[in-house]
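All residue numbers for the sequence shown refer to the numbering used here, where the first residue is 1420 and numbers rise by one. Note that CB positions come from ideal geometry on N, CA and C, so glycine has one too. Please read these numbers as outputs of a predicted model, since none were measured by experiment. One structure below.
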Amino acid sequence: GEAFLNRFREVRGNLGATWTYDEYRKLLIGCHFMHEYSIESAALFNPSVVPHWDQTELPDGSARFILSLRATGEGHISSITFRTGYLTKEGRVRIVPPSPHIREPHSVSVGGVDKAQFQKEMSLSTGITRGWTEAVQQCFVTVCNELNDTFTVDDLRRACSKQLSANPGSSTETACQAMLLLAEANYTVGFPSYTKMSERVLFPVTPSQSNGIEDARFVRFTDDDGNVKYYATFTAYNGRSTLPQMLETTNFEEIRFMTLSGDISNKGMALFPRRIKGKYMMLSRQDDVNILIMASESLYKWEDPQVLIRPEQPWEQFKMGNCGSPIETPKGWLVLTHGVGSLRQYGLGIVMLDLDDPTKVIGRLSEPLISPFESEREGYVPNVVYTCGGMLHGNILMIPYAASD
């Protein structure tokens, strides 16, 4: 009943102001405007794992974790789902059976958009503005001039409508679509505290995500002051273009979505779990071949990527990338990698980086750590094993991975 009432509230504004509805009619209307969707019906893959914030009431020597998964349903639309479990001191993995129910989050208001910051982000979002003509740029300036120093997404929609009426045409449409794409991509959602992790799903809600939220790489980040947050870099995909984004949360109840800016025009961003010499560090793959590394004063702006690791072995000859955030060990940063070789076969490897200077490679496996078994070769995407992040517990490295994803 609660789901039907929530849906009624969402469509209420389109039903006319003069009507009144009793509880039964609200439920009936809410039901009428709903349909079922199986979010995990096509594939469940690209797992990432992080330590849970609650490590109480566990068997001795065990560690509780949160497992995130890319769930793909009808129409190849991807969302993020979750599981919880724990890893024993002997290395056994126990997954809590998931709930049969799921829940989408509710929207949380976060106030207005700063125009100056928005204009700056637009100029840095090359994935959105690539190919803009002078006419499109002028339309962008004109719309911005209609906005106050702080504005809402509805204010932007009205300014775009005004510009489209005054100057209809492809240039105005291109500028307005791009501005709305970025403005709507930054938002906050929340889940009730009583919901289980396996009931929570992050489903695409903005135009930039209309075809999916892809390849989330979660990390438990500890700042210099000891403050702990969870971050995940992911790719928003609308069927035509990608938008690199990040989410942040402290307990997976309230989750903030943000757009990343700078030189980050490809998938595969992976944040280090702490600052190094006062700066944030990120692995990336802008050229779709090598693993690159970046340092930044800001979590949200990334520039000057430098090639860190190039393909060397036959099993990674076509391209390689990271498989999640680096894992800190006493000997250095452990980086899970993927390589693509002949017949587009994927394998997982390991590279070690210097603890104080992660731009230095200090070790590397010459053979893949994990390759597809014969039973793992056929599926949604043949010849693939893939992960978006592992976890170290004592001297046990846990690597959840998907096969034929």
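So for residue 1802, helix, strand or coil by DSSP?
As a working mapping, residue 1802 is identified with position 383 in the sequence shown. Coil, per DSSP.
So, do the stretch 1476–1489 and the stretch 1566–1581 have three or more beta carbon pairs nearer to each other than 8 Å?
Verdict: no, contact absent.
So, are the CB atoms of residue 1464 and residue 1821 less than 8 Å apart?
Here residue 1464 refers to the residue found at position 45 when the sequence shown is read from its first residue. Here residue 1821 refers to the residue found at position 402 when the sequence shown is read from its first residue. In contact: residue 1464 and residue 1821 (Cβ atoms closer than 8 Å).
Keeping to the same chain, check which residues put their C-beta closer than 8 Å to that of residue 1698; ignore five residues upstream and five downstream.
The count along the sequence shown starts at 1 and reaches residue 1698 at position 279. If we look at residue 1698 and ignore the five residues flanking it on each side, its Cβ neighbours are 1714, 1715 and 1716.
For residue 1578, I'd like the list of residues in its chain whose CB is within less than 7 Å of its CB, leaving aside the five on either flank, ordered along the chain.
Counted from its first residue, the sequence shown places residue 1578 at position 159. Closer than 7 Å at the Cβ level, and outside the excluded window around residue 1578, lie 1562, 1565 and 1566.
Report yes or no: do three or more beta-carbon pairs, one from the stretch 1512–1524 and one from the stretch 1617–1629, lie closer than 8 Å?
Segments in contact, yes.
If I'm right that residue 1754 touches residue 1772 with Cβ under 8 Å, what's the distance once you round it to whole angstroms?
As a working mapping, residue 1754 is identified with position 335 in the sequence shown. As a working mapping, residue 1772 is identified with position 353 in the sequence shown. About 6 Å; that satisfies the 8 Å criterion.
Going by the beta-carbon positions, is the gap between residue 1655 and residue 1662 smaller than 8 Å?
Locating residue 1655 in the sequence shown gives position 236, counting from the first residue. Locating residue 1662 in the sequence shown gives position 243, counting from the first residue. Taking 8 Å as the Cβ cut-off, residue 1655 and residue 1662 qualify as a contacting pair.
If you check the beta carbons only, do residue 1815 and residue 1609 fall under 8 Å apart?
Taking the sequence shown and counting its residues from 1, the one referred to as residue 1815 is at position 396. Taking the sequence shown and counting its residues from 1, the one referred to as residue 1609 is at position 190. Their beta carbons are not under 8 Å apart, which means residue 1815 does not touch residue 1609 by this criterion.
By DSSP, does residue 1539 sit in helix, in strand, or in coil?
Here residue 1539 is taken as the residue at index 120 of the sequence shown, counted from 1. It is helical.
Alpha carbon to alpha carbon, how far is residue 1711 from residue 1680? Give it in angstroms, no decimals.
Here residue 1680 refers to the residue found at position 261 of the sequence shown. Here residue 1711 refers to the residue found at position 292 of the sequence shown. Answer to the nearest angstrom: the Cα atoms are 16 Å apart.
Pick from 1517, 1824 and 1548: whose alpha carbon is nearest that of residue 1634?
Within the sequence shown, residue 1634 is the residue found at index 215, counting from 1. Of 1517, 1824 and 1548, the residue nearest in Cα terms is 1824.
What did DSSP end up calling residue 1569 once you bin it into helix, strand or coil?
By one-based count along the sequence shown, residue 1569 stands at place 150. Correct three-state label for residue 1569: strand.
Report yes or no: do three or more beta-carbon pairs, one from the stretch 1636–1648 and one from the stretch 1687–1697, lie closer than 8 Å?
Verdict: yes, contact present.
Relative to the C-alpha of residue 1769, which candidate in 1796, 1732, 1792 and 1802 has its C-alpha closest?
What you label residue 1769 is simply residue 350 of the sequence shown in a count that begins at 1. Ranking 1796, 1732, 1792 and 1802 by Cα distance to residue 1769 puts 1732 first.
How close, in whole Å, do the beta carbons of residue 1781 and residue 1751 come, if the pair is a contact with beta carbons under 8 Å?
One-based indexing of the sequence shown puts residue 1781 at position 362. One-based indexing of the sequence shown puts residue 1751 at position 332. Indeed they touch by this definition, with Cβ atoms about 6 Å apart.
Give the C-beta separation of residue 1487 and residue 1499 to the nearest angstrom, bearing in mind that I take them to be a contact with Cβ-Cβ under 8 Å.
As a first step, residue 1487 is located in the sequence shown; it is residue number 68 there, counting from the start. As a first step, residue 1499 is located in the sequence shown; it is residue number 80 there, counting from the start. Contact holds; Cβ gap of about 6 Å.
Any idea what DSSP makes of residue 1747, helix, strand or coil?
The sequence position of residue 1747 within the sequence shown is 328, counting from 1. In the structure shown, residue 1747 sits in a strand (DSSP, three-state: E or B).
For residue 1447, count neighbouring C-beta atoms within 10 Å of its own C-beta (all shown protein chains included) and say buried if the count is 16 or more, exposed if not.
Position 28 of the sequence shown, counting from 1, holds the residue named residue 1447. By the neighbour-count rule (16 or more Cβ atoms within 10 Å), residue 1447 is not buried but exposed.
So, residue 1632 versus residue 1597, is the Cβ gap smaller than 8 Å?
Residue 1632 sits at position 213 when you count from the first residue of the sequence shown. Residue 1597 sits at position 178 when you count from the first residue of the sequence shown. Not a contact, by the Cβ cut-off of 8 Å.
In the DSSP assignment, find the alpha helix (DSSP H) that holds residue 1562 and state where it starts and stops.
Locating residue 1562 in the sequence shown gives position 143, where the first residue counts as 1. That run of the alpha helix (DSSP H) goes 1553–1564.
Can you tell me where the alpha helix (DSSP H) with residue 1389 in it begins and where it stops?
Past the edges of the chain, shown from 1420 to 1824, lies residue 1389, and the structure says nothing about it.
Strictly under 8 Å for the Cβ-Cβ distance: is residue 1712 near chain B by that measure?
Any reference to chain B falls outside this structure, which holds one protein chain only.
For residue 1432 and residue 1669, what's the separation of their Cα atoms in angstroms?
Stepping through the sequence shown from its first residue, residue 1432 is reached at position 13. Stepping through the sequence shown from its first residue, residue 1669 is reached at position 250. Using only the alpha carbons, I get a separation of about 33 Å.
DSSP beta-bridge partners for residue 1822?
Locating residue 1822 in the sequence shown gives position 403, counting from the first residue. Beta-bridge pairing links residue 1822 to 1804.
Exposed or buried, which one is residue 1678 when buried takes at least 16 other CB atoms within 10 Å?
The residue labelled residue 1678 in the question sits at position 259 within the sequence shown. That one is buried.
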